[in-house]
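Some notes on the structure that comes next.
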Amino acid sequence: MHVHTDYLWFSTKQRREFVRITDDVARIVKESGVKEGMVLVSAMHITASVFINDDESGLHADYEKWLEKLAPHEPTSQYRHNRTGEDNADAHLKRQIMGREVVVAITQGKLDFGPWEQIFYGEFDGRRRKHVLLKIIGE
Amino acid sequence: MHVHTDYLWFSTKQRREFVRITDDVARIVKESGVKEGMVLVSAMHITASVFINDDESGLHADYEKWLEKLAPHEPTSQYRHNRTGEDNADAHLKRQIMGREVVVAITQGKLDFGPWEQIFYGEFDGRRRKHVLLKIIGE
Amino acid sequence: MHVHTDYLWFSTKQRREFVRITDDVARIVKESGVKEGMVLVSAMHITASVFINDDESGLHADYEKWLEKLAPHEPTSQYRHNRTGEDNADAHLKRQIMGREVVVAITQGKLDFGPWEQIFYGEFDGRRRKHVLLKIIGE
């Protein structure tokens, strides 16, 4: 049994941004030498997500608009969390919709993906340094 | 350590449909011979979900109505993704609510479930061939 | 390879409640002796969640208000599931937003967490005995 740990770092320029990380995850899986197993990819910050969906800019614009409708940033005073001096309560809500983590199968040394699956880091309160954890387990 | 991989195939008649797959997952876990470990069950398509909830038709009708309220299919022109020629942007949104995957514990050779847990394949853009991945890890 | 199983029990006083379980999970991970691996923490009931977010009471109040807006408890007659004699259809919906499970990495014998990650049991139909499963896998 083999266990491998790694981290990816981000510092987005926008408050909200989706960053494709499939190639980084694939590279780290290859480096681990694990041929059969699983990789956990999880946001280590509670205003960010890791999720799997389409690499299509129109869809990403739809997500942005939809998440703003379900959990609007403004007015920031509508959230009790923001009384602590934060303005990111909406980011904590958006992250619950999009999820914290994904677990991806590794088969014959590769991410075992369907035709359109791509892994994204979803940032909802960016412009500061944050990281994502990868934990690979297998043989 | 033992790792086992399998796939389930679907081709639903309706655009949206929930298919109970607990028995298929249980059978594949049994076939794997793994007595203690985990099974990852994940949708390989980005307009579909795997989720765990109740096997009750009224609840499934509630989910359908609720998901249509949160992310309506019509008008399809409201989504930028649909300018690519697709009409399934809503399916990409619905799948984020319901989730991509579940990880289920295997204890003494069986799915370690509470009294009402059932695994479902959730289709949001069906009428074509799609698949679900099972990755079993354990001993 | 080492696999360890444990359960946590809850009986909340309120219908809806968030219970911090990070310390319980950390204790069970320590008891397992696993130094490198993963722990699955999952709700065994379909009207409850396990999720990771901030231990901040204002945010929890925001979650409560937001989930009630997205999936209101009243009027209970709006849900077909409640025709079965239940009044908890909203709880099945809320749990899909907040999620069933988390998978957490174990590194050097500890939960490999970002600065603010805390694990919560999210109850949406409480006042009765329910449990959460922990499955630890690693070495």
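Residue numbers (my numbering), protein chains in the order written: chain A, 1 to 139; chain B, 1001 to 1139; chain C, 2001 to 2139.
From the three backbone atoms N, C-alpha and C, an ideal C-beta is built for every residue, glycine too.
Predicted, not measured: the structure shown is a model, and the values here were computed from it.
Those residues which DSSP pairs with Glu2064 of chain C across a bridge: Residue mapping note: residue 2064 of chain C aligns to position 64 of the third sequence, counting from 1. DSSP lists no partner for Glu2064 of chain C.
Proximal residues to Gln2118 of chain C (C-beta, below 8 Å), its chain only, five neighbours per side dropped: Against the third sequence, residue 2118 of chain C aligns to sequence position 118. If the five residues before and after Gln2118 of chain C are omitted, its C-beta is found closer than 8 Å to the C-beta atoms of Arg2020, Thr2022, Ile2052, Asn2053, Asp2054, Asp2055, all from its own chain and listed in chain order.
Below-8 Å beta-carbon distance, Thr2107 of chain C vs any chain A residue: Within the third sequence, numbered from 1, the residue matching residue 2107 of chain C stands at position 107. Yes, Thr2107 of chain C lies at the interface with chain A (some Cβ there is under 8 Å from its Cβ).
Cutoff 8 Å: Leu1040 of chain B Cβ touching any chain A Cβ: On the second sequence, position 40 is the one that residue 1040 of chain B refers to. Among the residues facing chain A, Leu1040 of chain B is included, as its CB has a counterpart in that chain under 8 Å away.
Listed by chain order, chain A residues near Leu1093 of chain B by CB distance under 8 Å: Counting from one through the second sequence, the residue named residue 1093 of chain B turns up at place 93. Residues of chain A passing the Cβ test: Asp62, Tyr63, Trp66.
Beta bridge counterpart(s) of Met2038 of chain C as assigned by DSSP: Taking the third sequence and counting its residues from 1, the one referred to as residue 2038 of chain C is at position 38. In the DSSP output, where bridge partners are listed per residue, Met2038 of chain C has C:Ala2105, C:Ile2137.
Same chain only: Cβ atoms within 6 Å of Asn88 of chain A, ignoring 5 sequence neighbours per side: Residue numbering aside, residue 88 of chain A sits at position 88 when the first sequence is read from its first letter. Excluding positions up to five away in sequence, the list reads Thr47, Asp125.
Within chain A, the residues that Ile1046 of chain B reaches when beta carbons sit closer than 8 Å: If you number the second sequence from 1, residue 1046 of chain B lands on position 46. Using a Cβ-Cβ cut-off of 8 Å, Ile1046 of chain B is close to Ile52, Asn53, Asp54, Gly114, Trp116, Glu117 of chain A, given in chain order.
Within chain C, the residues that Val1132 of chain B reaches when beta carbons sit closer than 7 Å: As a working note, residue 1132 of chain B is residue 132 in the second sequence. In chain C, no part has a C-beta under 7 Å from the C-beta of Val1132 of chain B; the shortest such distance is about 17 Å.
When B:Glu1123, B:Ile1097, B:Tyr1079 are compared against Leu1070 of chain B, the one with the closest alpha-carbon: Working through the second sequence from its first residue, we reach residue 1070 of chain B at position 70. The closest CA to that of Leu1070 of chain B, considering only B:Glu1123, B:Ile1097, B:Tyr1079, is found on B:Ile1097.
Proximal residues, the stretch 12-40 of chain A versus chain B, C-beta separation under 7 Å: For the stretch 12-40 of chain A, the beta-carbon criterion of a distance under 7 Å to any beta-carbon of chain B is satisfied by Glu36, Gly37, Met38.
Classification of Ala61 of chain A by the beta-carbon crowding that lies within 10 angstroms, buried from 16 upward: Position 61 of the first sequence, counting from 1, holds the residue named residue 61 of chain A. Answer is exposed; the Cβ neighbour count stays below 16.
Chain B within 8 Å of Val2104 of chain C, Cβ atoms only: The residue you call residue 2104 of chain C lines up with position 104 of the third sequence. So, not an interface residue.
Amino acids of chain A, ordered along the chain, whose beta-carbon sits closer than 7 Å to that of Glu2139 of chain C: As a working note, residue 2139 of chain C is residue 139 in the third sequence. By Cβ distance, chain A contributes Met1, Val3.
Closer than 8 Å to chain A by CB, His1073 of chain B: For the purposes of this step, residue 1073 of chain B is taken as residue 73 along the second sequence, with counting starting at 1. Judged by the 8 Å Cβ criterion, His1073 of chain B is not in contact with chain A.
C-beta neighbour in chain F for Gly99 of chain A, strict 8 Å: Chain labels in this structure do not include chain F; the protein chains are A, B and C.
Contacts that Leu59 of chain A makes with chain B (C-beta to C-beta distance below 7 Å): Along the first sequence, read from residue 1 onward, the residue named residue 59 of chain A stands at position 59. Listed along the chain, the chain B residues whose CB falls inside 7 Å of the CB of Leu59 of chain A are His1081, Ala1089, His1092.
Contacts around Met2044 of chain C, its chain only, beta-carbon distance under 6 Å, and the 5 residues preceding and following it disregarded: Numbered from 1 along the third sequence, position 44 holds the residue referred to as residue 2044 of chain C. His2131, Leu2133.
CB-CB length for Val1041 of chain B against Gly138 of chain A, believed under 8 Å: Position 41 of the second sequence, counted from the first residue, corresponds to residue 1041 of chain B. Position 138 of the first sequence, counted from the first residue, corresponds to residue 138 of chain A. Between Val1041 of chain B and Gly138 of chain A a beta carbon distance of about 17 Å is seen, past the 8 Å cut, so the two are scored as non-contacting.
Below-8 Å beta-carbon distance, Lys135 of chain A vs any chain C residue: What you label residue 135 of chain A is simply residue 135 of the first sequence in a count that begins at 1. At a cut-off of 8 Å, the C-beta of Lys135 of chain A has a neighbouring C-beta in chain C.
Inter-residue Cα distance where the pair is Arg127 of chain A and Val2025 of chain C: Taking the first residue of the first sequence as 1, we reach residue 127 of chain A at position 127. Taking the first residue of the third sequence as 1, we reach residue 2025 of chain C at position 25. The straight-line gap from Cα to Cα measures roughly 32 Å.
CB contact check: Thr84 of chain A to chain C, cutoff 8 Å: Working through the first sequence from its first residue, we reach residue 84 of chain A at position 84. So, interface residue.
Rounded straight-line distance, which links the Cα of Arg2080 of chain C to that of Lys1030 of chain B: Counting from 1 along the second sequence, the entry for residue 1030 of chain B is found at position 30. Counting from 1 along the third sequence, the entry for residue 2080 of chain C is found at position 80. Distance between the alpha carbons of Lys1030 of chain B and Arg2080 of chain C is about 35 Å.
CB-CB length for Val2103 of chain C against Glu101 of chain A, believed under 8 Å: To locate residue 2103 of chain C, count along the third sequence from 1; it is residue 103. To locate residue 101 of chain A, count along the first sequence from 1; it is residue 101. With a beta-carbon spacing of about 6 Å, Val2103 of chain C and Glu101 of chain A fall inside the 8 Å limit used to define contacts.
Minimum length 4: unbroken alpha helix (DSSP H) runs contained in the stretch 80-129 of chain A: For the alpha helix (DSSP H) assignment, the uninterrupted runs of no fewer than 4 residues enclosed by the stretch 80-129 of chain A are, from N- to C-terminal side, 89-98.
Cα-Cα separation between Asp112 of chain A and Arg2095 of chain C, rounded to whole angstroms: Working through the first sequence from its first residue, we reach residue 112 of chain A at position 112. Working through the third sequence from its first residue, we reach residue 2095 of chain C at position 95. Asp112 of chain A and Arg2095 of chain C: Cα-Cα distance of roughly 28 Å.
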